[in-house]
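**Student:** Under this note's numbering, the letters of the sequence shown match residues 18 to 180, in that order.
Built from N, CA and C at the ideal position, the CB exists for glycine as well.
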Amino acid sequence: MAERLDVPHISTGDLFRANLKEQTPLGVEAQKYMDAGELVPDEVTVAMVRERFGEPDAAKGFILDGFPRTAPQAEALQALLDEQGLALDAVVEFAVSDEVVVQRLLGRGRSDDTEDVIRRRQQVYRDDTAPLLEFYRDRLVSVDAVGPVDEVTERVFGALKDV
Numbered sequence: 018m019a020e021r022l023d024v025p026h027i028s029t030g031d032l033f034r035a036n037l038k039e040q041t042p043l044g045v046e047a048q049k050y051m052d053a054g055e056l057v058p059d060e061v062t063v064a065m066v067r068e069r070f071g072e073p074d075a076a077k078g079f080i081l082d083g084f085p086r087t088a089p090q091a092e093a094l095q096a097l098l099d100e101q102g103l104a105l106d107a108v109v110e111f112a113v114s115d116e117v118v119v120q121r122l123l124g125r126g127r128s129d130d131t132e133d134v135i136r137r138r139q140q141v142y143r144d145d146t147a148p149l150l151e152f153y154r155d156r157l158v159s160v161d162a163v164g165p166v167d168e169v170t171e172r173v174f175g176a177l178k179d180v
């Protein structure tokens, strides 16, 4: 999608990895929490996103991935967008059953992708992230995410035509 729209794909996971690798001040701060087994505070995550929004390639738009995950992050994102005179065009929900998610993640072969861990992540999603569907209801586009990537991508673009 990002390639087709000629905008950057901004993933918080990628931002964390880049900041940690480059040992930026934000990366060093995040590492302290991660080394202690704690979640990185929203302020650090939001600061990384703020910095990324300031890069030249994000001037004409972007696709966010993995952010926001909680109501406080959504509120911080809205404040950040307001401060920079930006707005979200749409929020895309990739609809897929829990069982399909489990099978997809087990298929990645990552050591932390055990069924118990995946099911715990699903509960965290239901508790912390799913409420954002209501927060973004006016801009929400739900897309069936089962099928080949190219088909799901076309569904997304088709759904976004109405936004």
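For F111, which residues does DSSP report across the bridge?
**Tutor:** V160
**Student:** Taking the alpha-carbon of G83 as reference, which of A53, D145, A76, K77 has the nearest alpha-carbon?
**Tutor:** When each option's Cα is compared against that of G83, the closest is D145.
**Student:** Nearest to D23 by alpha carbon, out of I80, V169, L103, E46?
**Tutor:** When the alpha-carbon of D23 is set against those of I80, V169, L103, E46, the nearest one is in I80.
**Student:** Do R21 and V174 have their beta-carbon atoms positioned less than 9 Å apart in this structure?
**Tutor:** One detail in the question is off: residue 174 reads as Phe in this sequence, not Val. Here F174 is near R21, since their CB atoms are less than 9 Å apart.
**Student:** What did DSSP end up calling L81 once you bin it into helix, strand or coil?
**Tutor:** For L81, the secondary structure class from DSSP, reduced to helix, strand or coil, is strand.
**Student:** Would you grab the beta carbon distance between S159 and A88 for me? Rounded to a whole angstrom, and I think it's under 8 Å.
**Tutor:** In fact, because the Cβ distance is near 19 Å, the residues do not count as touching under 8 Å.
**Student:** Starting from the C-beta of R86, find all residues in its chain whose C-beta is less than 6 Å away, skip the five residues before and the five after it, and write them out in chain order.
**Tutor:** T146
**Student:** Assign A96 to one of two classes, buried (16 or more other C-beta atoms within 10 Å of its C-beta) or exposed (fewer than that).
**Tutor:** exposed
**Student:** Should L94 and V66 be called a contact, given that it needs their Cβ atoms to be closer than 9 Å?
**Tutor:** yes
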